[in-house]
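Numbering (this note's numbering), first residue to last: -8 to 339.
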Ligand code: ADP
């Protein structure tokens, strides 16, 4: 790039022209007149300066004219991103500075394109997942309704059963759509966290009471990891944190041990935060599945998870809620030992 700089180009060419002229001058002077050093030097110096200035002026004018066009185009593209057009003029300091700007601009564009490509892949996968999730209940409903219309309605042995199954499939679709709406609202920041101070022990007790019956049916017990006599006050959005606890405790019931199992909720003081852990003694999650657990529609044990009626969106919602509180969530799991989901909340 340095060699193509107008200054260097002009210097080089002026030197060549002067050299050429000095050779001719010397030859001619030997043939026609006496060679004199002083005029020779003066003429060459003047010629060098003249040629240099002329070349530099012409080159810069030409190159800058071309570059200005490119620069203006880039600048206009950049300006769409919110720069104030009036205050900026197209003053190009040097070719290097333009080169630098163009390189930077190119790098930004490259990153933007990569980001767009990633978003496109993500969007395609997401649409594919939605299709996959909704396909089953829709086709099931279609099957039941067709059977009922084909005479099943009069058949006392199946009519009620098929209507109940239809209702189950409809409920599944409603659950998927509601979860998708929740995620979309959380992602587009349409919900703002309404922070308040409340007792997390009390809220956990409320959630345990709410899920007690479901847990009993599956022979699971829901307990506190220790005795918490005193309130533990946190600052968070109570409604959304209730949702987090429901999702995590519900998962521990769904994916816990097949026979008798136990879920424990514990609290730990961590200076500014409270760490809340939901631990089960279930079959655990494979190490390779752990990093993907919070992805939408991800299921560690696909067939089993779908049977359990999950939408595959529960943990994704949990992560969004915790991150909206500027807090963190993580998971530890060991096969045949159990799983622990741990998240933090600001201590009040
Ligand atoms: P779902 O709505 O299907 O329950 P989630 O997002 O809540 O989806 O969970 C994603 C997957 O993580 C589940 O399908 C399940 O395979 C796995 N998982 C979640 N919690 C647990 C747990 N406590 N023990 C074992 N696996 C779990």
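Here a beta-carbon is modelled for each residue, glycine too, at the ideal position from N, C-alpha and C. The structure displayed is predicted, hence computed values, not measured ones.
Beta strand (DSSP E) containing residue i: first to last residue?
| i | result |
| --- | --- |
| residue 5 | Looking at the DSSP string, residue 5 is not in any beta strand (DSSP E); the run it does join, the alpha helix (DSSP H), is -3 to 23. |
| residue 266 | 264 to 271 |
Report back the beta-carbon spacing between residue i and residue j to the nearest angstrom; my notes put them in contact at under 8 Å.
| i | j | result |
| --- | --- | --- |
| residue 318 | residue 302 | 23 Å between Cβ atoms; not a contact. |
| residue 196 | residue 228 | Actually they are not in contact, since the Cβ atoms of residue 196 and residue 228 sit about 18 Å apart, beyond 8 Å. |
| residue 304 | residue 174 | 6 Å |
| residue 35 | residue 17 | Rounded, the Cβ-Cβ distance is 10 Å, inconsistent with contact. |
| residue 225 | residue 338 | 6 Å |
| residue 223 | residue 190 | 6 Å |
Within the present structure, is the beta-carbon of residue i separated from the nearest heavy atom of the ligand ADP by less than 8 Å?
| i | result |
| --- | --- |
| residue 320 | no |
| residue 246 | yes |
| residue 173 | no |
| residue 302 | yes |
| residue 330 | yes |
| residue 252 | no |
| residue 249 | no |
| residue 264 | no |
| residue 289 | yes |
| residue 141 | no |
| residue 271 | yes |
| residue 238 | yes |
| residue 276 | yes |
| residue 229 | no |
| residue 216 | no |
How far does the alpha helix (DSSP H) with residue i in it reach, from first residue to last?
| i | result |
| --- | --- |
| residue 340 | With the chain running from -8 to 339 in the structure shown, residue 340 is simply not present. |
Practice prompt. Would you list, in sequence order, the uninterrupted beta strand (DSSP E) runs of no fewer than 3 residues that lie entirely inside the segment 213 to 262?
Written response: 224 to 227 and 252 to 261
Practice prompt. Identify every run of the beta strand (DSSP E) within the segment 290 to 337, keeping only runs that are complete inside it and at least 3 residues long; order them along the chain.
Written response: 320 to 325
Worksheet item: Mind pulling the beta strand (DSSP E) runs of 3 or more residues that sit fully within the segment 138 to 166?
Response: none
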